[in-house]
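If you read the sequence shown in our numbering, its first letter stands for residue 9, the second for the next number, and so on.
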Amino acid sequence: MKKTLLCLIIAIIGSGTIGGQTNNTTEGYKNGTLLLIGGGKTNMDIMKEFLKLAGGDSAKIVVIPTASVINNTIDTLGIKTYFKKIGFNHVTVLHTSNPSEANKEHFIRPIKSATGIFFTGGRQWRIADGFLNTKAHDEMFKLLDRDGVIAGSSAGATIQGSYLARGDTKNNQIMMGDHEVGLGFISNIAIDQHVMARNRQFDMFDILKNKPHLLGIGIDEGTAIKVQANTFEVLGESYVIVYDNTFWSREGIDLKTLPQKNSMFYFLQSGDKYNLKERKTIK
Numbered sequence: 009m010k011k012t013l014l015c016l017i018i019a020i021i022g023s024g025t026i027g028g029q030t031n032n033t034t035e036g037y038k039n040g041t042l043l044l045i046g047g048g049k050t051n052m053d054i055m056k057e058f059l060k061l062a063g064g065d066s067a068k069i070v071v072i073p074t075a076s077v078i079n080n081t082i083d084t085l086g087i088k089t090y091f092k093k094i095g096f097n098h099v100t101v102l103h104t105s106n107p108s109e110a111n112k113e114h115f116i117r118p119i120k121s122a123t124g125i126f127f128t129g130g131r132q133w134r135i136a137d138g139f140l141n142t143k144a145h146d147e148m149f150k151l152l153d154r155d156g157v158i159a160g161s162s163a164g165a166t167i168q169g170s171y172l173a174r175g176d177t178k179n180n181q182i183m184m185g186d187h188e189v190g191l192g193f194i195s196n197i198a199i200d201q202h203v204m205a206r207n208r209q210f211d212m213f214d215i216l217k218n219k220p221h222l223l224g225i226g227i228d229e230g231t232a233i234k235v236q237a238n239t240f241e242v243l244g245e246s247y248v249i250v251y252d253n254t255f256w257s258r259e260g261i262d263l264k265t266l267p268q269k270n271s272m273f274y275f276l277q278s279g280d281k282y283n284l285k286e287r288k289t290i291k
């Protein structure tokens, strides 16, 4: 009886549901740093920030190219050369499309000693297929627990959220597809990328009209958010779009004519900060 009751309590807590109410709070992970990059041409200042966060000259990173891997063809040498030019001296390339492989000790061993992980761009559902709910996934949280950094560009940014935007295997224009669960380093959030470069600024509403409890974040190319606990800071040359049913502007909003709350969004730029849990900008 006690065991049954304990299992019921764990199930209720795990679902985020207590007394019929769902916990819809958006929170970053308690430890470590997340770096979410909007794709496009490499911004070296952002990559140097990744290097610094991962430990500089002593950084040991694991690069996961799974989002872009087709037919198991991987340019391992090219990947290592690219990251070594940035300044990384210890680079391991790790790929699988098979979650059984991602549960094996020999596979997860490099993550156990890594100070950073980098997810490349491509199709985010491929990362979910290979890594979601595996021992490798568990080790990613443990990396954050030892104050490591998890970074990713384009698909590698979207996969870090709880809801997997553009997770359809048929077409990446479909916002709510056949894969809807991300790796969940940030809770109750949907993350899009390339937003201004590809005129995607209205696409997030496809998700939010069906899942209004989510916070929507869109990151443009050459731009990133650095997330530490419940705060993110914008880095890079373009903008981040926030969809939180409010509006914000440096010049105030009293004289502005605004749409309905569920149709609003606003832009943040380099240096701006945002509180995920409270869903508001930090002055």
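Using N, Cα and C, we set each Cβ at its ideal position, and we do this for glycine too.
Judged by pairs of C-beta atoms under 8 Å, the region 30 to 44 touches the region 136 to 156, as three or more such pairs exist. For F126, the three-state secondary structure derived from DSSP is strand. Under DSSP, no beta-bridge partner is assigned to V77.
In this structure, L151 and A122 form a Cβ contact; the two beta carbons are roughly 6 Å apart against a cut-off of 8 Å.
Each residue's CA atom was taken as its position, placing M184 and F213 some 11 Å apart.
If you compare the alpha carbons of F115, M55, G190 with that of K93, the shortest gap goes to M55.
The three-state secondary structure of S161, taken from DSSP, is strand.
The beta strand (DSSP E) runs lying completely inside the region 79 to 115 and spanning 3 residues or more are 98 to 101, given in chain order. If one requires a minimum length of 3 residues, the beta strand (DSSP E) runs lying completely within the region 167 to 238 are 197 to 201, 223 to 227, 231 to 236, in chain order. Excluding five sequence positions before and after I261, the CB atoms of its chain that fall closer than 7 Å to its own CB belong to F255, given in chain order. Taking 9 Å as the cut-off, the beta carbon of H98 is found closer than this to the beta carbon of A67.
Just measuring C-alpha positions, the residue of V203, I197, F210, K234 sitting nearest K219 is I197. Burial check for H221: the Cβ neighbour count within 10 Å stays below 16, so the residue is exposed. Inclusion of A232 and L61 in the CB contact set at 9 Å is not warranted, their separation being larger than that value.
In the DSSP secondary-structure assignment, T41 is bridged to V157.
Contact between the region 46 to 53 and the region 236 to 247 is present: three or more C-beta pairs spanning the two stretches fall below 8 Å.
Taking a C-beta distance under 9 Å as the contact criterion, L140 and L191 qualify as a contact pair. Residue state for F58 is assigned as helix, using DSSP reduced to three classes. Note on geometry: alpha-carbon atoms of R258 and I87 lie some 41 Å from one another. Beta-bridge annotation (DSSP): T254 is not paired with any residue. If you look at F275, you'll find it in the beta strand (DSSP E) that goes 274 to 277.
The region 161 to 176 makes contact with the region 128 to 136; the number of CB pairs closer than 8 Å reaches 3 or more.
Under the criterion of beta carbons closer than 8 Å, Q236 and I199 do not qualify as touching, at roughly 16 Å. Per DSSP, I135 lies in no beta strand (DSSP E) segment; the continuous alpha helix (DSSP H) that holds it begins and ends at 132 to 139. When DSSP states are grouped into helix, strand and coil, N270 belongs to the helix group. As computed with DSSP, G64 is found in no beta bridge at all.
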